[in-house]
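Just so you know, the sequences run in chain order A and B. Each residue of the first sequence is one higher than the one before, counting from 7 in the numbering used here. Each residue of the second sequence is one higher than the one before, counting from 6 in the numbering used here. The beta carbon of each residue, even a glycine, is placed where N, CA and C say it ideally should be. Down below is the structure, laid out as structure tokens.
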Amino acid sequence: MIRVILPPHLRTLAHVGSEVAVEVPSPVTIRSVLDALEDSYPMLRGTIRDHDTLNRRAFLRFFASEEDWSHEPTDKPLPESVASGKEPFVVIGAIAGG
Amino acid sequence: MSGVRVLVGTKKGAFILTSDGKREKWDVSRPHFAGWEMYHLKGSPADPNRIYASQSSGWFGQVIQRSDDGGKTWHQPGTPPGETTGPGGTPKGESNKFKYDASPETGKPLTTHQWYDGTQHPWEFKRVWHLEPSLTEPETVYAGVEDAALFKSTDGGKNWSELSGLRGHGTGPKWQPGAGGMCLHTIILDPSDPGRIYIAISAAGAFRTNDGGKTWKPINKGLKSQYIPDPTAEVGHCVHHVAMNKSRPDVLFMQKHWDVMRSDDAGENWREVSGNLPTDFGFVIDIHAHEPETIYVVPIKSDSEHYVPDGKLRVYRSRTGGQEWEALTNGLPQSNCYVNILRDAMAVDSLDKCGIYFGTTGGQVYASADAGESWNPIVRDLPAVLSVEVQTLA
Numbered sequence: 007m008i009r010v011i012l013p014p015h016l017r018t019l020a021h022v023g024s025e026v027a028v029e030v031p032s033p034v035t036i037r038s039v040l041d042a043l044e045d046s047y048p049m050l051r052g053t054i055r056d057h058d059t060l061n062r063r064a065f066l067r068f069f070a071s072e073e074d075w076s077h078e079p080t081d082k083p084l085p086e087s088v089a090s091g092k093e094p095f096v097v098i099g100a101i102a103g104g
Numbered sequence: 006m007s008g009v010r011v012l013v014g015t016k017k018g019a020f021i022l023t024s025d026g027k028r029e030k031w032d033v034s035r036p037h038f039a040g041w042e043m044y045h046l047k048g049s050p051a052d053p054n055r056i057y058a059s060q061s062s063g064w065f066g067q068v069i070q071r072s073d074d075g076g077k078t079w080h081q082p083g084t085p086p087g088e089t090t091g092p093g094g095t096p097k098g099e100s101n102k103f104k105y106d107a108s109p110e111t112g113k114p115l116t117t118h119q120w121y122d123g124t125q126h127p128w129e130f131k132r133v134w135h136l137e138p139s140l141t142e143p144e145t146v147y148a149g150v151e152d153a154a155l156f157k158s159t160d161g162g163k164n165w166s167e168l169s170g171l172r173g174h175g176t177g178p179k180w181q182p183g184a185g186g187m188c189l190h191t192i193i194l195d196p197s198d199p200g201r202i203y204i205a206i207s208a209a210g211a212f213r214t215n216d217g218g219k220t221w222k223p224i225n226k227g228l229k230s231q232y233i234p235d236p237t238a239e240v241g242h243c244v245h246h247v248a249m250n251k252s253r254p255d256v257l258f259m260q261k262h263w264d265v266m267r268s269d270d271a272g273e274n275w276r277e278v279s280g281n282l283p284t285d286f287g288f289v290i291d292i293h294a295h296e297p298e299t300i301y302v303v304p305i306k307s308d309s310e311h312y313v314p315d316g317k318l319r320v321y322r323s324r325t326g327g328q329e330w331e332a333l334t335n336g337l338p339q340s341n342c343y344v345n346i347l348r349d350a351m352a353v354d355s356l357d358k359c360g361i362y363f364g365t366t367g368g369q370v371y372a373s374a375d376a377g378e379s380w381n382p383i384v385r386d387l388p389a390v391l392s393v394e395v396q397t398l399a
């Protein structure tokens with residue numbers, strides 16, 4: 007299982023806690039993780055990436071193994087630590103508040 | 006016993022205020038959708054327990070929410086409460102998908118519109134400003150969106166399709182965004198003719214269809230806007246809001262950027278009725294439920310100073326269909342007040358006497374249970390109010 011950490015507003019929207027686990031077929035990539043996440047929690051469609059283009063929304067970033075993966079190809083395999091479930095794939099919203 | 010339910014959208018959540026027919030004591034709900042921008046909530050005239058809500062965020066985009074129990078519980082259409090979400094049997098969850106129509110069947114209306122600098126710019130969906138439920142079918146609802154377009158759902162908000170004849174009718178490349186974006190903010194359904202719909206866009210103007218949304222025409226003759234190159238252009242006017250009394254569907258009142266306007270022929274021609282208003286800039290306009298010549302506006306100082314003049318919050322009422330206006334101040338702050346009242350933040354109930362409601366950017370919702378003679382804040386200190394709607398309950 008792949009662990010995913012969502013920003014608080016999306017946890018509320020999906021009625022989940024701070025971390026969710028989803029089954030992701032190999033290879034484990036940003037695209038396959040988000041596909042699996044949206045299959046399990048369809049209310050998240052359109053909130054992390056655009057419905058049609060599947061581009062990441064501008065104010066969100068993706069992190070894996072403490073590295074910024076926001077601009078990596080979405081079909082690039084994620085680190086083994088994420089693929090094995092040891093570490094989570096993290097979706098982070100831009101800080102607001104000034 | 007009759008009662009009212011006031012639906013308040015704010016910058017940081019939605020609130021539902023309820024009272025009996027006396028409208029003296031109010032219950033205020035906890036925040037719904039805390040932290041999200043709630044541009045608009047509106048109940049179905051055909052089923053008061055059915056309420057649609059527009060939930061949006063600069064981070065996460067647009068979400069449509071629906072309640073089937075008068076606002077007690079909510080769900081995204083297509084994801085009903087209690088229904089298991091998970092692989093195999095998961096609902097599609099596409100209720101927040103607003104895709105502009107570019108199909109060959111409808112003439113490829115995905116064109117461009119005018120950008121702030123005068124260049125052409127592609128349409129980009131940003132949010133839903135206004136939801137207008139059908140007068141007769143609880144499952145049917147219209148959505149006015151930014152960038153300006155009109156969408157329709159006939160399955161309770163699960164799926165949306167664009168009424169693309171509006172963007173495709175020909176003037177779209179001349180539409181331009183106002184400071185708040187290029188939004189379709191007003192949708193008025195004619196109770197006497199299911200095919201006739203009025204809409205308004207900032208900054209394009211007002212438009213009407215007579216065939217349920219297939220074909221549209223601009224209805225801006227008589228509007229004069231000194232801030233555009235051709236002050237009497239067919240489109241390009243910054244219409245802030247339009248109101249209609251259901252007993253007289255041919256008579257429309259408009260708060261334009263500057264100027265309060267009136268049409269007696271379904272928008273074909275407009276004339277100014279600003280009369281003795283202290284300033285004719287403003288956003289809201291509404292009509293007494295039982296007196297179609299009684300109109301309410303809240304004058305705002307100017308388009309650069311978006312607050313009420315002289316630090317005084319005054320609703321102005323005309324009982325003559327415009328021109329002659331009186332200030333209503335009883336119960337409203339008359340010093341050190343610098344709030345704005347946004348375009349969808351005024352509503353009327355249909356009780357007798359007619360109740361008038363409006364919300365401010367300072368977070369107050371004021372109500373009058375006597376058609377404007379006296380006012381009380383029915384809630385204070387909410388986040389900035391974006392919209393106010395009222396349901397009159399049997």
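If you look at residue 72(A), you'll find it isn't in any beta strand (DSSP E); DSSP assigns it neither H nor E.
Residue pairing for residue 23(B): DSSP places it in a beta bridge opposite 10(B), 32(B).
Around the beta carbon of residue 29(A), fewer than 16 other beta carbons lie within 10 angstroms, which makes this residue exposed. Taking the C-beta atoms as reference points, residue 137(B) is found nearer than 9 Å to residue 193(B). A residue is called buried when at least 16 other Cβ atoms come within 10 angstroms of its Cβ; residue 163(B) meets this threshold and is buried. Residue state for residue 127(B) is assigned as strand, using DSSP reduced to three classes. Below 8 Å, too few C-beta pairs join the region 211-228 of chain B and the region 308-326 of chain B to call them touching: fewer than three. At a C-beta separation below 8 Å, residue 80(A) has no neighbours in chain B, since its nearest C-beta there lies roughly 18 Å away. Under the DSSP definition of a beta bridge, residue 188(B) partners with 151(B), 207(B). When the five nearest sequence neighbours on each side are left out, the beta carbons in the same chain lying within less than 7 Å of the beta carbon of residue 131(B) are those of 151, 152, 186, in order along the chain.
Secondary structure note for residue 19(A): its alpha helix (DSSP H) is the uninterrupted segment 14-20. Within the same chain, and ignoring the five residues on either side of residue 160(B) in sequence, the residues whose Cβ sits closer than 7 Å to its Cβ are 144. Residues of chain A whose Cβ lies closer than 7 Å to the Cβ of residue 62(B) are, in chain order, 15. Looking at the DSSP output, residue 56(B) shares a beta bridge with 48(B), 72(B). Residue contact check for residue 20(B) against chain A: no CB pair falls below 9 Å. For the region 267-293 of chain B, the continuous beta strand (DSSP E) assignments of 3+ residues that do not extend past its boundaries occur at 287-292, in sequence order. For residue 77(A), no chain B residue has a Cβ inside 7 Å of its Cβ, as the nearest lies near 18 Å away. Under the DSSP definition of a beta bridge, residue 164(B) lacks any partner. Going by beta carbons, residue 392(B) and residue 13(B) fall inside the 9 Å limit. The Cβ of residue 101(B) sits closer than 9 Å to at least one Cβ of chain A. Here DSSP, grouped into helix, strand and coil, assigns residue 36(A) to helix. A Cβ-Cβ separation of about 5 Å places residue 61(B) in contact with residue 67(B) under the 8 Å criterion. Membership of residue 333(B) in the beta strand (DSSP E) is indicated by the continuous run 331-333. Around the beta carbon of residue 341(B), a 10 Å sphere encloses fewer than 16 other beta carbons of the protein chains shown; the residue is thus reported as exposed. Under the DSSP definition of a beta bridge, residue 61(B) partners with 42(B), 67(B). For the region 41-65 of chain B, the residues whose beta carbon sits under 8 Å from a beta carbon of chain A are, in order, 41, 62, 63, 64, 65.
Here the region 167-182 of chain B makes contact with the region 111-119 of chain B; the two share three or more CB pairs at distances below 8 Å.
Burial state of residue 27(B) is exposed, judged by a 10 Å Cβ sphere holding fewer than 16 other Cβ atoms. Nearest C-alpha to residue 309(B) among 20(B), 195(B), 286(B): 286(B). At least one beta carbon of chain A lies nearer than 9 Å to the beta carbon of residue 39(B).
Using a C-beta cut-off of 8 Å, the region 35-52 of chain A makes no contact with the region 47-55 of chain B, since fewer than three inter-stretch Cβ pairs fall below that distance.
Beta-bridge partners assigned by DSSP to residue 16(B): none are found.
Per the DSSP secondary-structure output, residue 55(A) pairs in a beta bridge with 62(A). Listed along chain B, the residues sitting closer than 8 Å to residue 100(A) by beta-carbon distance are 64. DSSP, read as helix, strand or coil, puts residue 337(B) in coil.
The residues 116, 117, 118, 119, 125, in chain order, have a CB closer than 7 Å to that of residue 178(B) in the same chain once the five nearest residues on each side in sequence are set aside.
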